[in-house]
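For what it's worth, this note's numbering labels the leading residue of the sequence shown as 1, then goes sequentially.
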Amino acid sequence: MTRCSPFPSLLLLLALSACHTQTPATDSGVDATDTPSTDTATLADVARDVPPAVCGTSSPAAIAACVHESDLMTDLARIAAPRPPGSAHHDEVRDLCADRFAALGYTVERFDYGTGVDVLGVKPGADPSAPRVILSAHYDHIAGCPGADDNGSGLAGVLEAARLLSTGHFQRTLVVACWDEEERGLIGSQAYARRAHDAGDAIAVAYVFEMIGFRSTEPSSQQLPPGLDLLFAPQARQIRDNDSRGDFIALIADDGARAMAGTLASAAAGVSLPSVSLFLTAAQSRSTLYGTLQRSDHAAFWAAGYPAIQITDTAEYRNPRYHCQHGQDTIDTLVPGFMRAVVQATVASVAGTLGLVP
Numbered sequence: 001m002t003r004c005s006p007f008p009s010l011l012l013l014l015a016l017s018a019c020h021t022q023t024p025a026t027d028s029g030v031d032a033t034d035t036p037s038t039d040t041a042t043l044a045d046v047a048r049d050v051p052p053a054v055c056g057t058s059s060p061a062a063i064a065a066c067v068h069e070s071d072l073m074t075d076l077a078r079i080a081a082p083r084p085p086g087s088a089h090h091d092e093v094r095d096l097c098a099d100r101f102a103a104l105g106y107t108v109e110r111f112d113y114g115t116g117v118d119v120l121g122v123k124p125g126a127d128p129s130a131p132r133v134i135l136s137a138h139y140d141h142i143a144g145c146p147g148a149d150d151n152g153s154g155l156a157g158v159l160e161a162a163r164l165l166s167t168g169h170f171q172r173t174l175v176v177a178c179w180d181e182e183e184r185g186l187i188g189s190q191a192y193a194r195r196a197h198d199a200g201d202a203i204a205v206a207y208v209f210e211m212i213g214f215r216s217t218e219p220s221s222q223q224l225p226p227g228l229d230l231l232f233a234p235q236a237r238q239i240r241d242n243d244s245r246g247d248f249i250a251l252i253a254d255d256g257a258r259a260m261a262g263t264l265a266s267a268a269a270g271v272s273l274p275s276v277s278l279f280l281t282a283a284q285s286r287s288t289l290y291g292t293l294q295r296s297d298h299a300a301f302w303a304a305g306y307p308a309i310q311i312t313d314t315a316e317y318r319n320p321r322y323h324c325q326h327g328q329d330t331i332d333t334l335v336p337g338f339m340r341a342v343v344q345a346t347v348a349s350v351a352g353t354l355g356l357v358p
């Protein structure tokens, strides 16, 4: 996830104040020496009591049930090492995306936009005129930090989701993507979104994984950006009623992606994964006053006029090791079962949006 340069905070919408910079990771409420608890804890009344889906291709839930946690973690182990653009490991991870997509049967494009390279895998749908669906994560990170959560977790999630979704037949075309240079200001995703817009491409929604591996069931482990409790009072109350535990996945969507975020939240409940959803109007999604909620590649699609959803563990508002500021962002600090549930819920939503063909 990109660092924020100073920008007006959410609180400015309610009271004129000075520009807001990111809350330091030390305020996360989780001691940097602790590993996250793996105890089961959910927000009250979120999880549904539904029969588990059987792995297969008969429904979106069946496709999602095929997730392999071991494969997810194997990929994460390959990714989680410093990978700033231009480094050898950065190029190795880029090749991992391209090779994996090709092996799964996707048509692969290495989109060289000048300063970096996005890797795109395309699975054509039965209706080529239907708006496309994108599932993505960025593969770059900063120097000197393994970036297991940011964004090794999201990238591993895309690779596993690409495997699951390669097994289905859909009405809409699927694009799986690994974005470059997110940490430099969403450069790779912006280049793609601009190209799509200029070409008149129709995009139903872009799903964006941005840090999906850190969970804590400790009370007060979840912090909120300044002003969020005033602008999104029900969601803030939902979190605080659960003793501010960082045990949920956050879904940040514009109004155009509201239905897709709703199916994702329902799928999450079906696998006992708590979620909190924040919805922005089209104007809010483009306003710098909402910069706190625009800190990943979903914002590139919002700026181009496309619906998008960020799927996130909330970065430094929960994880004190964000950008290795207070401890190394390593695999052992993450919760594999949490990652698996996020990928499973997202795949179910994506498959539903694509439209399964019997």
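Think of the CB as a built atom: it goes at the ideal place given N, C-alpha and C, for glycine as much as any other residue.
- Message: What would DSSP say about Y360, mapped onto helix, strand or coil?
- Response: Since the displayed the chain opens at 1 and closes at 358, residue 360 lies outside it and no answer follows.
- Message: Quick check: what's the CA-CA separation for A191 versus G246?
- Response: 33 Å
- Query: Just the Cα atoms here: how many angstroms apart are S59 and L356?
  - Reply: 7 Å
- Taking just the CA atoms, how far does S275 sit from A204? 22 Å
- Assuming H138 contacts W179 under a Cβ cut-off of 8 Å, what Cβ separation, rounded to an integer in Å, is found between them? 4 Å
- Does the separation of the CB atoms of G154 and V335 fall below 9 Å? no
- Message: Looking only at its chain, what residues have a beta carbon closer than 7 Å to the beta carbon of T26, apart from the 5 residues adjacent to it on each side?
- Response: Because T26 carries a pLDDT of 29, less than 50, the predicted location of this residue cannot be relied on, and no value is offered for it.
- Since L120 sits in a beta bridge, which residues does DSSP pair it with? E109, A177
- If T346 and L264 are in contact, beta carbons under 8 Å, what's the gap, nearest whole angstrom? 6 Å
- Extent of the continuous alpha helix (DSSP H) run through F338: 336-354
- Please state if the CB of A268 and the CB of A341 are separated by a distance shorter than 9 Å. yes
- Query: For A53, which residues of its own chain have a beta-carbon under 6 Å away from its beta-carbon, when the five flanking residues on both sides are left out?
  - Reply: A61, A62, A65
- Message: Assess contact between the segment 65-81 and the segment 151-171, defined as three or more Cβ pairs (one per stretch) separated by less than 8 Å. Is contact present?
- Response: yes
- Is there contact between the segment 289-301 and the segment 116-130, where contact requires at least three CB pairs shorter than 8 Å? no
- Item | Helix, strand or coil at G246 [DSSP, three-state] | strand
- Item | Every unbroken alpha helix (DSSP H) within the segment 257-300, with a cutoff of 4 residues, ordered by chain | 258-270, 282-286
- Task: State yes or no: is the C-beta of V176 within less than 9 Å of the C-beta of V158?
- Result: yes
- For L251, three-class secondary structure by DSSP: strand
- Query: Under the rule that 16 or more other beta-carbon atoms within 10 Å means buried, what is H169, buried or exposed?
  - Reply: exposed
- Which residues in the same chain as Y126 place their Cβ atom closer than 6 Å to its Cβ, once the five residues preceding and following it in sequence are excluded? Tyr is not the amino acid found at residue 126; the sequence shown has Ala there. The residues are Q171, V357.
- Query: Since Y192 is in the alpha helix (DSSP H), which residue starts that stretch and which ends it?
  - Reply: 187-199
- Distance between beta carbons of E210 and Q310, contact taken as under 8 Å: 6 Å
- Message: Measuring only the C-alpha atoms, how far is R163 from Q344?
- Response: 12 Å
- What separation, rounded to the nearest whole angstrom, lies between the Cα atoms of Y306 and P146? 32 Å
- Mind reading off the beta-carbon distance from A193 to A303? Whole number of angstroms is fine, and I expect it under 8 Å. 7 Å
- What do you reckon, are the CB atoms on P353 and E183 nearer than 9 Å? The question names Pro, but residue 353 is Thr in the sequence shown. The answer is no: Cβ separation not under 9 Å.
- In whole angstroms, what separates the C-alpha of T330 from that of A282? 36 Å
- Query: Taking DSSP as the reference, what is the three-state secondary structure of L104?
  - Reply: coil
- Identify the continuous beta strand (DSSP E) that holds T74 and give its terminal residues. Segment 69-79 is the alpha helix (DSSP H) holding T74; no beta strand (DSSP E) there.
- Assuming S277 contacts L251 (C-beta within less than 8 Å), just tell me the rounded distance between them. 4 Å
- Can you tell me the Cα-Cα spacing of A156 and A98, whole angstroms? 13 Å
- Could you tell me which residues DSSP pairs with V93 in its beta bridges? BP columns for V93 are empty, so no partner.
- Assign T288 to one of two classes, buried (16 or more other C-beta atoms within 10 Å of its C-beta) or exposed (fewer than that). exposed
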